[in-house]
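Using the working numbering, the final residue of the sequence shown is 1501, and nothing's skipped along the way.
Built from N, CA and C at the ideal position, the CB exists for glycine as well.
Notes to accompany the following structure.
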Amino acid sequence: MTSFSQQVTTVVIENTLIKTQPILKVHNLGITLHRDGLPIQLLKGVGFTLESGSTLGILGESGCGKSLLAKALVSIFPPESTVMGEILFCPGDKEEIDLITLDISALRGIRGKRIGIMFQDTLSSMNPVLTCGRQIFDALPEAQRKDHKVGKNRVVELLDFVGLVNPKRIIETYPHELSGGMIQRVALAAALAGNPDILIVDEPTTALDVISQVELIETLMGLKKEMELSVIVISHDIKMVEGWVDMLMVMYSGKIVEYGKSKDVLISPSHPYTKALLKTAESYERGRKPISIPGDPPSTLFRPSGCNFHPRCDFMKEKCSQEEPQISETKLGGFVRCFYPIE
Ligand SMILES: Nc1ncnc2c1ncn2[C@@H]1O[C@H](COP(=O)(O)OP(=O)(O)OP(=O)(O)O)[C@@H](O)[C@H]1O
Ligand code: SF4
Ligand SMILES: [Mg+2]
């Protein structure tokens, strides 16, 4: 039987008529936490393929599992959890590597090296007692670290690369001495230091003013091109991913609810949740009275029965509260988890 992520690859290839090469394949990823003898499902049935050189956006409200997924992609899992599925890194020159089962020493050669990650809370992910320069230096490949002068020059180059003025001054600063926008860029430089194939950025523009947001997105777009990166960008904000990601994945309550080409998902959403997110974003953009989705996203402890979105869904019918919808293909070649997708 073809898995969801295998189907996705085929559809993408057929629709774009481009011979693509996957760099990351995720099959049926699930994370279950075990607390006080009770299983709590944090992620369920997550599957997708990241094509080499492409950008994937991951969208969803707070608590839907975006950061859990980002960390899982570099094999960081919550303590006391069990993990199922596969996360296959496909370097092209070598065999596929399953990051879930990989031992820690082999993982060190991939995490931060072939897969760079900029965590959501950049300031707290940095060491407060080490200078920014030292932290980027430590993330360089060993060959560059061996010669201090070569390494230092590379750190300056990286800081310049991510758009920071006066990089020679920045290498001497400590994280708390910099503004939010500068810290984001320092963290980005650290994520790029290992010269990765894949860059994962989790909420890179949160807490930035609008101008800094635009500038950071432009920087990311430029870096992607120059460094031939495959990028995964995570956001709760549709406007942040619109216009530059190739594929878009919408998550709700630890599951993928819609996946497809970005323009298809944004112009003709199939899932009522995607449509509701778009309506909210449009109301903000047009300066109208903001329309928010009624109710709150479910907690991991109390997920509604059937379709987890049913208590908030405008299209809900009786079946929705009784059965869990599975993923099916849309007319546009994307995927949706809904009994009554929007045509
Ligand atoms: N280590 C952990 N232990 C227990 N629960 C966790 C852990 N990490 C995440 N969770 C829970 O999993 C759910 C998803 O968390 P996650 O941080 O991935 O959300 P998110 O989509 O990134 O949200 P946000 O937009 O606020 O960053 C949340 O309910 C969170 O409380
Ligand atoms: S399955 Fe039902 S409740 Fe869930 S999104 Fe579709 S229509 Fe709405
Ligand atoms: Mg998060």
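Exposed unless 16 or more other CB atoms sit within 10 angstroms - verdict on residue i
{"i": "Ser1463", "result": "exposed"}
{"i": "Val1372", "result": "exposed"}
{"i": "Ser1411", "result": "buried"}
{"i": "Ala1228", "result": "buried"}
{"i": "Gln1484", "result": "exposed"}
{"i": "Gln1302", "result": "buried"}
{"i": "Ser1220", "result": "exposed"}
{"i": "Asn1466", "result": "buried"}
{"i": "Phe1295", "result": "buried"}
{"i": "His1468", "result": "buried"}
{"i": "Arg1343", "result": "buried"}
{"i": "Ala1230", "result": "buried"}
{"i": "Pro1197", "result": "exposed"}
{"i": "Ala1513", "result": "A question about residue 1513 goes unanswered here, because the residues of the chain that appear run from 1159 up to 1501."}
{"i": "Asp1422", "result": "buried"}
{"i": "Glu1172", "result": "Reliability fails at Glu1172, whose pLDDT of 39 lies under 50, so the model's placement of it is uncertain and the value that follows must be treated cautiously. Its Cβ having fewer than 16 others within 10 Å, Glu1172 is exposed."}
Rounded Cβ spacing between residue i and residue j (contact assumed at less than 8 Å)
{"i": "Ile1396", "j": "Ala1348", "result": "Not a contact, Cβ separation roughly 28 Å."}
{"i": "Cys1222", "j": "Met1398", "result": "With a Cβ gap of about 15 Å, Cys1222 and Met1398 do not count as contacting."}
{"i": "Leu1374", "j": "Leu1217", "result": "About 17 Å; that fails the 8 Å criterion."}
{"i": "Leu1366", "j": "Gly1339", "result": "5 Å"}
{"i": "Ser1428", "j": "Thr1364", "result": "Actually they do not touch by this definition, with Cβ atoms about 27 Å apart."}
Residue i (DSSP reduced to helix, strand or coil)
{"i": "Gln1199", "result": "strand"}
{"i": "Tyr1332", "result": "coil"}
{"i": "Glu1501", "result": "coil"}
{"i": "Val1306", "result": "Note that residue 1306 is His in the sequence shown, not Val. His1306: helix per DSSP, three-state reduction."}
{"i": "Gln1371", "result": "helix"}
{"i": "Leu1381", "result": "helix"}
{"i": "Thr1168", "result": "In this prediction, Thr1168 has a pLDDT of 40, which is less than 50 and means its spatial position is unreliable; nothing more can be read from the coordinates."}
{"i": "Leu1217", "result": "strand"}
Opposing strand residues paired with residue i [DSSP bridges]
{"i": "Pro1180", "result": "Glu1209"}
{"i": "Tyr1431", "result": "Tyr1431 is not bridged to any residue."}
{"i": "Val1494", "result": "Glu1416, Ser1486"}
{"i": "Lys1411", "result": "It is worth fixing the name first, because residue 1411 is Ser in this sequence and not Lys. Ser1411 pairs with nothing; no bridge assigned."}
{"i": "Thr1240", "result": "Thr1190"}
{"i": "His1394", "result": "Partner(s): none; His1394 has no beta bridge."}
{"i": "His1185", "result": "Glu1244"}
So, do the region 1241–1252 and the region 1311–1327 have three or more beta carbon pairs nearer to each other than 8 Å?
no
Mind the definition here: the region 1315–1331 touches the region 1198–1212 only if three or more C-beta pairs lie below 8 Å; say whether that holds.
no
The region 1350–1360 contacting the region 1191–1198, beta-carbon criterion three pairs below 8 Å
no
Cβ contact check for the region 1285–1292 and the region 1321–1336: 3 or more pairs under 8 Å
yes
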